[in-house]
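K.L.:
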Amino acid sequence: MRRVVITGLGLVTPLGTGVEKTWQGLIEGRSGIARITRFDPAGFDTQIAGELKDFNAEDWGERKEVRRQDPFIQYAVAASAMALKDSGLQVTEANAERIACYLGTGIGGIGAMEESHKRLLEKGPSRISPFFVPSMIGNLAAGSVSIKFGLKGANFAPISACATGAHSIGEAFRAIQRGEADAAVAGGTEAGVTPLGIGGFNAMRAMCSDFNAEPTRASRPFDRTRSGFIMGEGAGALVLEELEQAKARGANIVCELAGYGANSDAHHITAPSPGGEGAARCIRLALRDARLNPSDVTYINAHGTSTPFNDAAETQALKAAFGDHAKKLAVSSVKSMLGHLLGAAGAVEAIASALTISRGVIPPTINYENPDPECDLDYVPNAARQAAVDVVVSNSFGFGGTNAVLVLKKLRG
């Protein structure tokens, strides 16, 4: 089986546009959560989110082009441009058919949908923009990236809720392993901070509404006082390559992508399976795929949403999958700083995992103040930790009981 490495990274997050801005924010333990500015949140239970603060779509595309795109597409194009530039991979007529694009979203163009529905009601069907559908449907992030950069391999948009980004990376990984592609742009994107997006998750009672006056303290994974997630927005994109090709062209290899697991809880549309049973099975699948033992793992980049059920179930899953070794693991959730980027989360967190390996720093779980008896592992509380990290497991779990786990490791040999 062919080996796969990561050679390029691109990020657009509430901590900043670009990998370095986000990484610095993470290791400094800074929160990107603030009061919503995209619309007036008065009257909403949750009035805070992780919005982008320094993103200009016209830095990444022509004005005419970006005006026709929902933000989830704009974010994907920007992150992909960064990842391709970072990798140094040149797309040519000779190799374009061997470069794929696996880039998904959880929700897609919900903002475009809201705006077009408003126009329909106020002005009638004749005033709906012909660009509404291309700006809204979920595969247009992958499609736009493929078109813009000339990627002629598979063009595919996994949609699996909060596991989307990880599934996208995992499926790209498989395609390269099987020899169907030599490289891929892979990741996830989301722009769900809209009235309907916030209102819908509020109606489910899934989001935190206890810290509207203290936004930076709201996302608190594994803390006993956690009461729901905080929505974030943005995108993460990685360039994956077959190892020998990357070596031959002198690429800067960040780390190896060594394993991937995907399965289903088959239990409930929103709640995790009891005891984290499905997540534990998925972790075992990914480790088996990577040909690693539980004791080989140093760090878990947790799904860690800051919801009562998810964090407890994930802790139970780690204990089930790792046994006694679970107590020796460092576990942290970058959602404490970024919020939950839904379909982009798995990709952003895979990038954080890759940087943890390459730079030897584990990002913290901030706002961890009140230990929970149900969550009793080492969550790297409140401050980053210098550590030599050889193997990381990155967890992503989504509504519908869908699970995806990635295993990244330091390249050796």
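One rule links them: number in this note's numbering = place in the sequence shown (from 1) + 32. By construction, the Cβ of each residue, glycine as well, lies at the ideal position given by its N, Cα and C atoms.
1) Would you decide whether residue 33 is buried or exposed? Buried here means 16 or more other CB atoms lie within 10 Å of its CB.
2) Could you name the residues of the same chain whose beta carbon sits closer than 7 Å to that of residue 144, not counting the 5 residues immediately before and after it, in chain order?
3) Inspect the beta-carbon positions of residue 262 and residue 372 and report whether they are closer than 8 Å.
4) Does the contact criterion of 3 or more C-beta pairs under 8 Å hold for the region 386 to 398 versus the region 199 to 218?
5) Is it the case that the Cβ atoms of residue 377 and residue 82 are separated by a distance below 8 Å?
6) How would you write the range of the beta strand (DSSP E) that residue 428 sits in, first residue to last?
7) Could you check which residue in 308, 380, 171 has the C-alpha nearest to that of residue 333?
8) If you reduce the DSSP assignment to three classes, tell me which class residue 300 lands in.
9) Applying the criterion that 16 or more other CB atoms from any shown protein chain within 10 Å of the CB defines a buried residue, is residue 87 buried or exposed?
10) Just to confirm, are residue 402 and residue 242 a CB contact at a threshold of 8 Å?
11) Indicate whether residue 289 and residue 329 have their beta-carbon atoms separated by less than 8 Å.
12) With a threshold of 8 Å, are at least 3 pairs of Cβ atoms found where one atom belongs to the region 117 to 124 and the other to the region 276 to 289?
13) Which residues in the same chain as residue 394 place their Cβ atom closer than 7 Å to its Cβ, once the five residues preceding and following it in sequence are excluded?
14) For chain B, is any of its Cβ atoms less than 8 Å away from the one on residue 126?
15) What residue from 439, 258, 245, 222 has the CA that sits closest to residue 239's CA?
16) Do residue 140 and residue 170 have their CB atoms nearer than 8 Å?
17) Just the C-alpha distance for residue 497 and residue 162, rounded to the nearest angstrom, thanks.
18) Would you check if the region 299 to 306 and the region 146 to 161 touch, i.e. whether three or more CB-CB distances between them fall below 8 Å?
19) Near residue 350, which residues of its chain fall below 6 Å by C-beta distance, leaving aside the five closest residues on each side in sequence?
20) Pick from 106, 76, 77, 75: whose alpha carbon is nearest that of residue 90?
21) On the three-state DSSP scale, how would you describe residue 441?
22) Suppose you measure from the CA of residue 292 to the CA of residue 76; what does that come to, to the nearest Å?
23) Where does residue 46 fall in DSSP's three states?
24) Using alpha carbons as the reference points, say which of 62, 36, 44 lies closest to residue 252.
25) With distances taken Cα to Cα, identify the nearest neighbour of residue 177 among 282, 219, 223.
26) To which residues of the same chain is residue 26 closer than 6 Å at the C-beta, ignoring the five residues directly before and after it?
27) What are the boundary residues of the beta strand (DSSP E) that residue 133 is part of?
28) So, helix, strand or coil for residue 201, using DSSP?
29) Could you tell me if residue 408 is buried or exposed, where buried requires 16 or more neighbouring beta carbons within 10 angstroms of its beta carbon?
30) Under 8 Å Cβ to Cβ from residue 324, same chain only, skipping five residues before and after it: list those, please.
31) In the DSSP assignment, find the beta strand (DSSP E) that holds residue 361 and state where it starts and stops.
32) Quick check: what's the CA-CA separation for residue 96 versus residue 142?
P.N.:
Concretely, from the data shown:
1) Locating residue 33 in the sequence shown gives position 1, counting from the first residue. By the Cβ-count criterion, residue 33 is exposed, with fewer than 16 other Cβ atoms from all chains shown falling within 10 Å of its own Cβ.
2) Position 112 of the sequence shown holds residue 144. Closer than 7 Å at Cβ, skipping near neighbours: 102, 164, 167, 168.
3) Position 230 of the sequence shown holds residue 262. Position 340 of the sequence shown holds residue 372. Pairing residue 262 with residue 372 gives a Cβ-Cβ distance under 8 Å.
4) Touching, no, given that fewer than three Cβ pairs across the two stretches are closer than 8 Å.
5) Walking along the sequence shown from the start, residue 377 turns up at place 345. Walking along the sequence shown from the start, residue 82 turns up at place 50. Not in contact: residue 377 and residue 82 (Cβ atoms no closer than 8 Å).
6) Indexing the sequence shown from 1 puts residue 428 at position 396. Counting along the chain, residue 428 sits inside the beta strand (DSSP E) bounded by residues 423 to 430.
7) Taking the sequence shown and counting its residues from 1, the one referred to as residue 333 is at position 301. Closest by alpha carbon: 380.
8) Numbered from its first residue, the sequence shown carries residue 300 at position 268. Per DSSP, reduced to three states, the secondary structure at residue 300 is coil, with no helix or strand assignment.
9) Here the question's residue 87 lines up with position 55 in the sequence shown. Classification of residue 87: buried, given that the 10 Å Cβ count is 16 or more.
10) For this step, residue 402 is matched to residue 370 along the sequence shown. For this step, residue 242 is matched to residue 210 along the sequence shown. It is not a contact, given that the beta carbons lie outside the stated cut-off.
11) In the sequence shown, the residue the question calls residue 289 occupies position 257. In the sequence shown, the residue the question calls residue 329 occupies position 297. No, the pair does not count as a contact, with Cβ atoms beyond the cut-off.
12) In short, these stretches touch, since the Cβ pair count reaches three.
13) Residue 394 sits at position 362 when you count from the first residue of the sequence shown. Same-chain partners within the cutoff: 331, 362, 364, 388, 412, 416, 417, 419, 421.
14) Of the chains in the structure shown, none is chain B; there is only one protein chain.
15) Within the sequence shown, the letter at position 207 stands for residue 239. Ranked by Cα distance from residue 239, the first of 439, 258, 245, 222 is 258.
16) Translated into positions along the sequence shown, residue 140 becomes position 108. Translated into positions along the sequence shown, residue 170 becomes position 138. Contact flag set, yes.
17) Because residue 497 is not part of the residues shown, which for the chain are 33 to 445, the question remains open.
18) Taking a cut-off of 8 Å on C-beta distances, the region 146 to 161 does not touch the region 299 to 306, as fewer than three cross pairs fall below it.
19) Here residue 350 is taken as the residue at index 318 of the sequence shown, counted from 1. These residues qualify, in order along the chain: 358.
20) Along the sequence shown, read from residue 1 onward, the residue named residue 90 stands at position 58. Comparing alpha carbon positions, the residue from 106, 76, 77, 75 closest to residue 90 is 106.
21) Residue mapping note: residue 441 aligns to position 409 of the sequence shown, counting from 1. Secondary structure of residue 441 (DSSP, three-state): strand.
22) For the purposes of this step, residue 292 is taken as residue 260 along the sequence shown, with counting starting at 1. For the purposes of this step, residue 76 is taken as residue 44 along the sequence shown, with counting starting at 1. Going by the C-alpha atoms only, they are around 38 Å apart.
23) Position 14 of the sequence shown, counting from 1, holds the residue named residue 46. Of the three classes helix, strand and coil, the one that applies to residue 46 here is coil, per DSSP.
24) As a working note, residue 252 is residue 220 in the sequence shown. For the residues 62, 36, 44, the minimum Cα distance to residue 252 belongs to 62.
25) Here residue 177 refers to the residue found at position 145 when the sequence shown is read from its first residue. For residue 177, the closest of 282, 219, 223 by C-alpha to C-alpha distance is 219.
26) It is not possible to answer for residue 26, since the shown part of the chain is limited to 33 through 445.
27) Here the question's residue 133 lines up with position 101 in the sequence shown. Its beta strand (DSSP E) spans residues 131 to 137.
28) Residue 201 sits at position 169 when you count from the first residue of the sequence shown. Note: residue 201 maps to helix in three-state DSSP.
29) Your numbering for residue 408 matches position 376 in the sequence shown. Of the residues assessed, residue 408 falls on the exposed side of the cut-off, its CB having fewer than 16 other CB atoms within 10 angstroms.
30) Taking the sequence shown and counting its residues from 1, one reaches residue 324 at position 292. If we look at residue 324 and ignore the five residues flanking it on each side, its Cβ neighbours are 290, 291, 423, 439, 441.
31) Locating residue 361 in the sequence shown gives position 329, counting from the first residue. Annotation: residue 361 is outside any beta strand (DSSP E) and is labelled neither H nor E by DSSP.
32) As a first step, residue 96 must be located in the sequence shown, where it is residue number 64. As a first step, residue 142 must be located in the sequence shown, where it is residue number 110. Residue 96 and residue 142: Cα-Cα distance of roughly 20 Å.
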